[in-house]
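Undergrad: In our numbering, the protein residues as written are 137 to 514. Here a beta-carbon is modelled for each residue, glycine too, at the ideal position from N, C-alpha and C. All of these numbers come straight from a predicted model, not from anything done at the bench. The structure's right below; bear with me while I get my questions together.
Listed below in structure tokens is the structure:
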């Protein structure tokens, strides 16, 4: 079982943050907030110790690495682990009590009784707050193609197995007037999808269902339909590895922060094609309504994939943190409250953006999320 302890090797920016934080503590100055942003109410971190076990959405892996390393500078006596098994496993282990905090690329519902079960585990309605917003990139590795434009209908055709060659007229038409139109090879498309139950898959198919329902008949699913064929790979890193290292002419979907050097398609929105970026992804949350199940403890959204707002990237993963309002022991409650407070702090949001490419939450959303976290107790 893969776990990520806070003592794992940090990236240069995180290492620099640690040095700045330690210097600030030793020198009695406030340089930490100047360099990396304010970490929030310092009293929340006082006296924290022990181990906090969490896990879930693999899309959050890079961000969790960054948050765990940053959190260690304000709560050095707490060991946080995050096991990126996937959203389904995260929710399952949260409900069983194995994880005190879980990451999920979809909010809890009672379609399979998960919301009711989580409420029973926590003794009250669980906390659900957005902590990670990132574009789901349509990654590709096609011989001779550096840039790619795709309409929703064409993308749905490719991923459902209806469009099978790269020089299909529909793909050519999407790229008309660009060098790509003439570079598309007469090669078989190798579509790659998640083989595990995945919130990323759910968010991706939610988009396809909303904007290309005539070409996408599977609806919104967490597990990829077997009848569509293609190649399955476990986890975000598995999809990226398959598209990168497997045979050429592959296409798949993955959190943009983990796409590496792979090509990332521009998706048609209105009359324009928009590339995935944190800024373009953040716009969709601001124009989307809260979900019907939203409450005083659940800050959850139904994304408006059909938006025509200029500069908005429509395939977005909004990942959530699941926690309880109360825990049986005070130490766990303080650990969870401290860790979530850090993630939602200015410093935490900066690190998530710089190290993992996530879009910082708007101030309005942050305020609501912070107010929810402030209620955690024992």
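#1: On the three-state DSSP scale, how would you describe residue 217?
#2: Once DSSP output is grouped into helix, strand and coil, what is the label at residue 225?
#3: From residue 508 to residue 480, what does the alpha carbon distance come to, in whole angstroms?
#4: Measuring only the C-alpha atoms, how far is residue 423 from residue 440?
#5: Expressed to the nearest angstrom, what Euclidean distance is found between the alpha-carbon atoms of residue 503 and residue 483?
#6: Taking residue 305 as the reference, give the member of 295, 353, 322 with the closest Cα.
#7: Would you tell me roughly how many angstroms separate the C-alpha atoms of residue 295 and residue 364, rounded to the nearest one?
#8: Straight-line CA distance for residue 389 to residue 383?
#9: Going by the beta-carbon positions, is the gap between residue 257 and residue 231 smaller than 7 Å?
#10: So residue 459 and residue 512 are supposed to be a Cβ contact under 8 Å. How far apart are they, rounded?
#11: Along the chain, where does the alpha helix (DSSP H) containing residue 290 start, and where does it finish?
#12: Considering only residues of the segment 238-292, which uninterrupted alpha helix (DSSP H) runs meet the minimum length of 4 residues and lie entirely inside it, listed in chain order?
#13: Relative to the alpha-carbon of residue 435, which residue among 420, 355, 264 has its alpha-carbon at the smallest distance?
#14: What are the complete beta strand (DSSP E) segments, minimum 3 residues, inside the segment 367-441?
#15: Quick one: what's residue 361 bridged to in DSSP?
#16: Tell me the rounded alpha-carbon separation between residue 331 and residue 369.
#17: Please report how far the alpha carbon of residue 506 lies from the alpha carbon of residue 477, in whole angstroms.
#18: According to DSSP, is residue 335 part of a helix, a strand, or is it coil?
#19: Suppose the cutoff is 7 Å on Cβ atoms and the five residues either side in sequence are ignored; what does the same chain contact list for residue 124 look like?
#20: Kindly indicate the opening and closing residues of the beta strand (DSSP E) around residue 455.
#21: Specify, as a first and last residue, the run of the alpha helix (DSSP H) that residue 327 falls within.
#22: When the Cα atoms are used, what is the spatial distance from residue 333 to residue 242?
#23: According to DSSP, is residue 356 helix, strand or coil?
#24: Measuring CA to CA, which of 244, 450, 273, 309 is closest to residue 266?
#25: Are residue 329 and residue 366 closer than 7 Å when you measure CB to CB?
#26: Does DSSP classify residue 500 as helix, strand or coil?
#27: Please confirm whether residue 413 and residue 492 have their CB atoms less than 7 Å apart.
#28: List the residues that DSSP assigns as beta-bridge partners of residue 462.
#29: How many angstroms separate the CA atom of residue 343 from the CA atom of residue 300?
#30: Measure the CB-CB distance between residue 275 and residue 290 and report whether it falls below 7 Å.
#31: Answer yes or no: do residue 386 and residue 375 have a C-beta to C-beta separation smaller than 7 Å?
#32: Between which residues of its own chain and residue 184 is the CB-CB distance below 7 Å, once the five residues before and five after are set aside?
#33: Can you name, in chain order, every residue of its own chain whose Cβ lies under 8 Å from the Cβ of residue 425, other than the five neighbours on each side?
#34: Roughly how many angstroms separate the alpha carbons of residue 141 and residue 359, rounded to a whole number?
#35: Can you give me the C-alpha to C-alpha distance between residue 335 and residue 270, rounded to a whole angstrom?
#36: Go to residue 488, then tell me how far its alpha helix (DSSP H) extends in each direction, as first and last residue.
TA: In short:
#1: strand
#2: helix
#3: 11 Å
#4: 7 Å
#5: Near 15 Å, if we compare the C-alpha coordinates of residue 483 and residue 503.
#6: Selected option, being the one with the closest Cα: 322.
#7: 7 Å
#8: 16 Å
#9: The Cβ atoms of residue 257 and residue 231 lie closer than 7 Å to each other.
#10: 7 Å
#11: 288-295
#12: 250-258
#13: 264
#14: Counting only runs of 3 or more, we get 367-369, 386-391, 402-405, 408-410.
#15: According to DSSP, which records beta bridges pairwise, residue 361 is partnered with nothing at all.
#16: 5 Å
#17: 7 Å
#18: helix
#19: Within the shown structure, residues of the chain are numbered from 137 to 514, placing residue 124 beyond reach of any answer.
#20: 452-459 is the extent of the beta strand (DSSP E) around residue 455.
#21: It is not in any alpha helix (DSSP H) - residue 327 instead sits in the beta strand (DSSP E) that spans 326-330.
#22: 12 Å
#23: Coil, per DSSP.
#24: 244
#25: yes
#26: For residue 500, the three-state secondary structure derived from DSSP is helix.
#27: no
#28: Residue pairing by DSSP places residue 462 opposite 513 in a beta bridge.
#29: 21 Å
#30: no
#31: no
#32: 211, 213, 214, 470, 471, 474
#33: 437, 438, 440
#34: Confidence in residue 141 is poor, its pLDDT being 33 and thus under 50, which makes the residue's placement too unreliable to answer from.
#35: 13 Å
#36: Judged by DSSP secondary structure, residue 488 falls within the alpha helix (DSSP H) whose first and last residues are 482-492.
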